[in-house]
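Novice: Per our numbering, residue 12 is the first one in the sequence shown, and the count goes up by one each step. Input: one structure, supplied below.
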Amino acid sequence: MNLGKKIRELRQEKGLTQQELADILFVTRSAISNYEMEKRYPDLNTLKAMADYFGISVDEILSDEDYQRQPEVSEVLEEYPMLELVLYGILLIVYLLKLIMDLSIAKHFLSDPYVILSSVEDIAFLLLFSYCIYASVHKVMDARLIGTVLVIRLLPETLWHLYNILLYYGSGYGVLSGLITESVRDFLLPLFLMTACSLFFFQKQNTNSGLVYLSVILSAGLSLYPLFNRNYYNWSLYNEQYVYNVLSVLSSCILYLLVVFQAFVLRKKRMQSKRNTAS
12 MNLGKKIREL
22 RQEKGLTQQE
32 LADILFVTRS
42 AISNYEMEKR
52 YPDLNTLKAM
62 ADYFGISVDE
72 ILSDEDYQRQ
82 PEVSEVLEEY
92 PMLELVLYGI
102 LLIVYLLKLI
112 MDLSIAKHFL
122 SDPYVILSSV
132 EDIAFLLLFS
142 YCIYASVHKV
152 MDARLIGTVL
162 VIRLLPETLW
172 HLYNILLYYG
182 SGYGVLSGLI
192 TESVRDFLLP
202 LFLMTACSLF
212 FFQKQNTNSG
222 LVYLSVILSA
232 GLSLYPLFNR
242 NYYNWSLYNE
252 QYVYNVLSVL
262 SSCILYLLVV
272 FQAFVLRKKR
282 MQSKRNTAS
């Protein structure tokens, strides 16, 4: 019997409503509903409390199939909720600062498409990471959602560079080839690798996280390169553009740090679920 049916059966044997069981376990009624419909799996503490209340062991609640599915549909960093919230919160603050800077620049360059697109991008990422905080608070930041957020985060920057290529198309081979080289190196290649991570690790029950780490190392290196090469953009420490680009690099590195930790924890959970199933 799978987890959802088992919880429903145990609840009904006790004559409890979903709300009454939720009150006992200190969760919401919708959480119990999601458990019974198998949209979500309870975290370890809730599962232990449930087993204690019904007077059975955790193994009597979980089947072999549940052990395999549990890492995929439960919160990845359930043991580190504050770390996840803090990092997503920092990302939210970074994009809020970027939006403020973009709006300040927009006062002087209202017709500049770059400023408009950058402001729209900042707003989109504010909404994205606001949802990530919501998902973390409600313990629904699962593997599939992590992979989706990763691709969404990188996609607009890639579209931005494709827009540049189209904008300068016809400006001469030298300009166009330089833009294409920069776009492939700095954005299209990281996007390809991160998409591969999303599809073959976060979206699937895969225990090989090596591609994630390789992709992050490469992408982080490309993100950090301009900060250590002043000739690349001819930045000044007191230049507003330098501050703006530092914020961009900071947001990327925080996201990569979070992805590495999420991948590490998820791999450990998947390995544990396989051991539980084998035993």
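Beta carbons: idealized from backbone N, C-alpha and C, even for Gly. Since this is a predicted model, take the numbers as computed values, not measurements.
Give the straight-line distance between the Cα atoms of Phe136 and Ser230, rounded to the nearest whole angstrom.
Specialist: In the sequence shown, the residue the question calls residue 136 occupies position 125. In the sequence shown, the residue the question calls residue 230 occupies position 219. One alpha carbon belongs to Phe136, the other to Ser230, and they sit about 19 Å apart.
Novice: Output needed for Ser44: all residues of its chain with C-beta closer than 7 Å, excluding positions within five of it in sequence on either side, in chain order.
Specialist: Working through the sequence shown from its first residue, we reach residue 44 at position 33. For Ser44, where only same-chain residues beyond five positions count, the Cβ hits under 7 Å are Gln29.
Novice: Distance, Cα to Cα, Val131 vs Ile111?
Specialist: Indexing the sequence shown from 1 puts residue 131 at position 120. Indexing the sequence shown from 1 puts residue 111 at position 100. Straight-line Cα distance between these residues: approximately 12 Å.
Novice: Tell me the DSSP secondary structure of Val271 in three-state form.
Specialist: Taking the first residue of the sequence shown as position 1, residue 271 is located at position 260. The answer is helix: DSSP assigns Val271 an H, G or I state.
Novice: Only counting the same chain, and skipping five residues up and downstream in sequence, which positions put a Cβ closer than 6 Å to that of Leu268?
Specialist: As a first step, residue 268 must be located in the sequence shown, where it is residue number 257. Here the set comprises nothing.
Novice: Using the rule of at least 16 other Cβ atoms within 10 Å of the residue's Cβ for burial, across every protein chain shown, is Gly66 buried or exposed?
Specialist: Locating residue 66 in the sequence shown gives position 55, counting from the first residue. Gly66 should be labelled exposed.
Novice: Ile116 to Val126, Cα distance in whole Å?
Specialist: Taking the sequence shown and counting its residues from 1, the one referred to as residue 116 is at position 105. Taking the sequence shown and counting its residues from 1, the one referred to as residue 126 is at position 115. When rounded, the distance between both Cα atoms is 7 Å.
Novice: So, is Phe212 buried or exposed, given that buried needs 16 or more other C-beta atoms within 10 angstroms?
Specialist: Numbered from 1 along the sequence shown, position 201 holds the residue referred to as residue 212. Counting Cβ neighbours within 10 Å, Phe212 comes out buried, since at least 16 surround it.
Novice: Go ahead and label Gly221 buried or exposed: buried means 16 or more other beta carbons lie within 10 angstroms of its beta carbon, across all protein chains shown.
Specialist: Working through the sequence shown from its first residue, we reach residue 221 at position 210. Counting Cβ neighbours within 10 Å, Gly221 comes out exposed, since fewer than 16 surround it.
Novice: Between the C-alpha atoms of Ile104 and Leu96, what's the straight-line distance to the nearest angstrom?
Specialist: Here residue 104 refers to the residue found at position 93 of the sequence shown. Here residue 96 refers to the residue found at position 85 of the sequence shown. For Ile104 and Leu96, the distance between alpha carbons rounds to 12 Å.
Novice: Could you check which residue in Asp77, Gln283, Ile18 and Val223 has the C-alpha nearest to that of Ile157?
Specialist: The residue given as residue 157 occupies position 146 in the sequence shown. Nearest option by C-alpha distance: Val223.
Novice: Go ahead and label Leu94 buried or exposed: buried means 16 or more other beta carbons lie within 10 angstroms of its beta carbon, across all protein chains shown.
Specialist: Within the sequence shown, residue 94 is the residue found at index 83, counting from 1. With fewer than 16 other Cβ atoms from the protein chains shown falling within 10 Å of its own Cβ, Leu94 counts as exposed.
Novice: Straight-line CA distance for Val260 to Tyr253?
Specialist: Counting from one through the sequence shown, the residue named residue 260 turns up at place 249. Counting from one through the sequence shown, the residue named residue 253 turns up at place 242. Their Cα atoms are separated by approximately 10 Å.
Novice: Using a Cβ-Cβ cutoff of less than 6 Å, which residues in the same chain neighbour Leu32 once the five nearest sequence positions on both sides are dropped?
Specialist: Numbered from 1 along the sequence shown, position 21 holds the residue referred to as residue 32. Result list for Leu32: Arg22 and Ile43, in chain order.
Novice: Using CA atoms only, rank isn't needed, just tell me which of Lys150, Gly26, Lys16 and Asn256 is closest to Asn56.
Specialist: On the sequence shown, position 45 is the one that residue 56 refers to. Nearest of Lys150, Gly26, Lys16 and Asn256 to Asn56, Cα basis: Lys150.
Novice: So, with DSSP's three-state summary, where would you put Ser284?
Specialist: Within the sequence shown, numbered from 1, the residue matching residue 284 stands at position 273. Looking at Ser284 - three-state DSSP - the assignment turns out to be helix.
Novice: Measure the beta-carbon distance from Leu258 to Lys109 and round it to whole angstroms, keeping in mind my assumption that it falls under 8 Å.
Specialist: Locating residue 258 in the sequence shown gives position 247, where the first residue counts as 1. Locating residue 109 in the sequence shown gives position 98, where the first residue counts as 1. Going by Cβ atoms, the distance from Leu258 to Lys109 rounds to 5 Å, so yes, they are a contact pair.
Novice: For Leu218, which residues of its own chain have a beta-carbon under 6 Å away from its beta-carbon, when the five flanking residues on both sides are left out?
Specialist: On the sequence shown, residue 218 is found 207 positions in, with the first residue counted as 1. Strictly speaking, residue 218 in this sequence is Thr, with Leu absent from that position. Once the five neighbours on either side are set aside, the close Cβ partners of Thr218 are Arg278, Arg281 and Met282.
Novice: For the putative contact between Leu102 and Leu266, defined by C-beta atoms under 8 Å, what is the C-beta separation to the nearest angstrom?
Specialist: Taking the first residue of the sequence shown as position 1, residue 102 is located at position 91. Taking the first residue of the sequence shown as position 1, residue 266 is located at position 255. Here Leu102 really is in contact with Leu266; their C-beta atoms are around 7 Å apart, less than 8 Å.
Novice: Can you name the start and end residues of the alpha helix (DSSP H) that Asp34 belongs to?
Specialist: Counted from its first residue, the sequence shown places residue 34 at position 23. From DSSP, the alpha helix (DSSP H) with Asp34 extends over Gln29 to Leu36.
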